[in-house]
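Everything on this sheet refers to the single structure shown next.
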Amino acid sequence: MGLRRALDDYKRNRESEDVFPGERRTQTGRFTGSKRRLVHVDPSGSIRDYSYPLSGFHGIASSRFGVRIDGTVTWFDSLGGSSQTSREADAVVETVHDFGTFDVVQRDFTDDLTHATTFELDGERLESLEIVGFAEFAPEGQADRIGQLVHDGEVVELYHDREHDYLAASTELAVTPEVMERFDEILSDGPQSFPRGGESESYEGSRLTGGVSFRADLEGGRTTVVTTLSDIEERSRSESLARIADRTRRYRYPSQFLDAARQSTPSTDGTDRLVETDLHVLDLLSAPTGARIAGPDFDPHYQYSGGYGYTWFRDDGEISTFLLEADERLGLDAGERHRKSAGFYLRTQLADGRWPHRVWPRNGRLAPGWANGHVEGSETQYQADQTASVLVFLAEYLATHRDSLPAELALDVESALESGVEGMDVSLESDGLPTVCENAWENANGRFTHTAAKFLHAYSAIAAAPLSDAVRTRAATQADRLYDALETMWCPDEGIYGLRLDDGELDARVDSTTFSLLDAHLAYEAVDDVDDERRRRLETHLETAFERLWTETEAIRGLKRFEGDTWRRRGQSSEKVWTVSTGWGAYAAEKAIRLFSSTDREFDPAAWADRLFAEIDLAGSLCLDSGYLPEQFFDSGTPDSATPLGWSHAIRLATYAARHSRDA
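Sequential numbering from 1 applies to the sequence shown in full-length UniProt numbering.
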């Protein structure tokens, strides 16, 4: 997103109580994508690229579509009657624009680096009707220093250096380059609207801009507008022009378009709609390497966050583990996904057995981040739970699929786990707890219960994996140390495991990350017994945590992230509800059904599992009409932050699988 668009959005939304001005939000609308291109279609039909983390291409920064009837233009974003849904296993986004006597049906589909948008009239036919559009391209993220070529008056090429983007249509196309905001317009108080209308002031200026407006004729009541992104060093201009000509022919008719979408998507016949949605979201967020961005990057200028278009090894490791568990229960045929995840982790593991803060999913290179202290030589600004999350997946993957893995891959995983044990050992203090580091929410330092729980889980999973006796024995020994050391985190007065030790003092706030204690102790049962006193404490902790984090308003119901959470409140005075925390609670409650089966307390984990899952289910208060789970919600019911969030969808999928297994 260029600074021009960010400032324009800031001007439009700076007074809002529950919108952060300057962001490129995705809480409304839907995505269509491939492994290399991720395109958002908002409810008015406007499209925008979120592709950079997956492919290195920036593509479309902003756009608008509408119709021109007898010389009068009506933009779709001025209508109040557009509706949107997904088709062909979510591969196609269909937006219907209601004009009363006729509809314009818009369908969007992404195929590799090509995106096609078809328009088809339904109802009254008007001979004078044309499709009009505007698109702003940002090759290599540039808002300026862009060149524009118009080939034969109908194919537009926009470029900076290596990235060359193309736009064409299946019918006759009239093109007008659009000069974007000048300095005085950028600095003015009011926002700008594009296209401006009329011709550019000069040929020279019109060829040095990323903006282009166009009109496309309708033939048989339809036309298709196609954009494609390319690297000039990988595909020449002539090859790219031939490619976009082929795509405009290939997607000329709706039947061709829908057939291509069907062929691009694995068959999901008989698959539950929730499962289909969650798998689709995880695919949308995945690069060809198999690594996933946390979510579409809505804040690339880091104004209110540190960005989301990166691969965090915590998020990705957790997603991989949840997907592995769901696959075992539901038979999702996800073997290739698991293999790619394992391969990516092997390639990105550091020499000390750990993983960096975050990387680019398309190549595994170090991405901008603030928690690479261990790379710099310091332990504090490091999130040790990230390494533990990856190791949990690798250990469980090896244990589940050892006999079917290629010999070389199995050996590499074994080596990574052995090195990973050594990496975690570095982070352990003499008392058995992990050292001071950053927490999972990345907003504090301390010695966190969650970090200790993930270490217990990782050591236990490694101790139970098919590895050498020496590695398993070492891991089991460390798991025993973690099990005993967790006593330090128990707060008897509150009946909870505290959030962290801070300078030796126990922070007795409730934190939803401590739900990880449940699956950690289930994993530990393969190493040694979980005693009755520990079970009672975990049960008390979970019941207390649910009650203290539960939030209910007229619009939403769910769990807060942790007590005293001040992040992204905007005009709200209290903590916000998070889908990750609510889903995590539902998942932990499912685990508790197994862990607490021998206790005699009145706490009913199944009831909490049902209650929490209902809010993230497709009809729940925390699920959008698209099926997407945003990261957060204001009490008003306004969704906020990354949408869809991969971590939330993976938790929902694994929780659904657990519920399916117990016939919930």
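Idealized CB from N, CA, C, for every residue including glycine.
No experiment lies behind these values; they were computed from the predicted model shown.
query: Pull up the distance between the alpha-carbon of Asn363 and that of Gly22, whole angstroms please.; result: 29 Å
query: For a minimum of 3 consecutive residues, which ranges assigned as the beta strand (DSSP E) are wholly contained in the segment 74–148?; result: 83–87, 92–98, 102–111, 114–123, 130–137
query: Could you tell me which residues DSSP pairs with Cys437 in its beta bridges?; result: Gly446
query: Going by DSSP, which residues form a beta bridge with Ile69?; result: Thr72
query: Express the C-alpha separation of Leu538 and Leu518 in angstroms, rounding to a whole number.; result: 7 Å
query: Does DSSP classify Pro368 as helix, strand or coil?; result: coil
query: Quick one: measure Cβ to Cβ for Ala91 and Arg247, integer angstroms, because I've assumed they're closer than 8 Å.; result: Actually they are not in contact, since the Cβ atoms of Ala91 and Arg247 sit about 16 Å apart, beyond 8 Å.
query: Does the distance from the C-beta atom of Phe194 to that of Ser62 stay below 9 Å?; result: yes
query: How would you label Trp370, buried or exposed, when you count the other beta carbons within 10 angstroms and need 16 or more for buried?; result: exposed
query: Under a three-way DSSP split, which group does Glu239 fall into?; result: helix
query: Excluding sequence positions up to five away, which residues of its chain have a Cβ less than 8 Å from the Cβ of Asp484?; result: Gly432
query: In terms of residues, what are the limits of the alpha helix (DSSP H) holding Ser255?; result: 254–264
query: Going by beta carbon distance, what residues of the same chain come within less than 6 Å of Ala367, once the five residues before and after it are set aside?; result: Tyr310, Arg358, Val359, Trp360
query: Does Met1 pass the burial test, meaning 16 or more other C-beta atoms within 10 Å, or should it be called exposed?; result: Low local confidence applies: a pLDDT of 49 at Met1 is under 50, so the model's placement there is unreliable, with the coordinate-based value given in what follows. Under this definition Met1 is a buried residue.
query: How would you write the range of the alpha helix (DSSP H) that Phe183 sits in, first residue to last?; result: 183–187
query: With three or more beta-carbon pairs closer than 8 Å as the criterion, would you say the segment 224–238 touches the segment 292–304?; result: no
query: So the alpha helix (DSSP H) Tyr397 belongs to, where does it begin and stop?; result: 384–401
query: What's the gap between the Cα of Asp327 and the Cα of Thr101?; result: 48 Å
query: Mapping DSSP to helix, strand and coil, what is Ile244?; result: helix
query: What is the residue span of the alpha helix (DSSP H) that Thr322 lies within?; result: Residue identity check: residue 322 is Phe in the sequence provided, not Thr. Counting along the chain, the alpha helix (DSSP H) containing Phe322 begins and ends at 313–330.
query: Check Leu467 in the structure and name its three-state DSSP category.; result: coil
query: Check the C-beta distance from Thr110 over to Gly33 and give it rounded, since I have them as a contact under 8 Å.; result: 5 Å
query: From this set, Ala609, Asp184, His164, Val155, which residue's C-alpha is nearest Val175's C-alpha?; result: Val155
query: List in chain order: all unbroken beta strand (DSSP E) runs of 3+ residues lying wholly within the segment 478–508.; result: 500–502, 505–507
query: CA-CA distance, Thr655 and Asp316?; result: 17 Å
query: Does DSSP put Met1 in a helix, a strand or coil?; result: In this predicted model, Met1 has a pLDDT of only 49, less than 50, meaning its place in the structure is not dependable; the value taken from the coordinates is given anyway. Three-state result, Met1: coil.
query: Check whether the segment 81–98 and the segment 158–167 touch, using three or more Cβ-Cβ pairs below 8 Å as the test.; result: no
query: Counting along the chain, where does the alpha helix (DSSP H) carrying Ala607 start and finish?; result: 605–616
query: If you run the structure through DSSP and keep just helix, strand and coil, what is Glu15?; result: coil
query: Which residue wins for smallest C-alpha separation from His374, given the options Arg365, Val390, Thr289, Pro356?; result: Pro356
query: Below 9 Å between beta carbons: does that hold for residue 671 and Phe119?; result: Any answer about residue 671 is impossible in this case: the structure gives the chain only from 1 up to 664.
query: Which value, in whole angstroms, describes the spacing of the CA atoms of Asp122 and Asp217?; result: 16 Å
query: So Glu318 packs on Ala650, CB below 8 Å; how close in whole Å?; result: 7 Å
query: From Glu438 to Ser427, what does the alpha carbon distance come to, in whole angstroms?; result: 12 Å
query: So, for Trp647: in the same chain, excluding its five sequence neighbours on each side, which residues have a beta-carbon less than 8 Å away from its beta-carbon?; result: Ala294, Asp315, Glu318, Ile319, Val580
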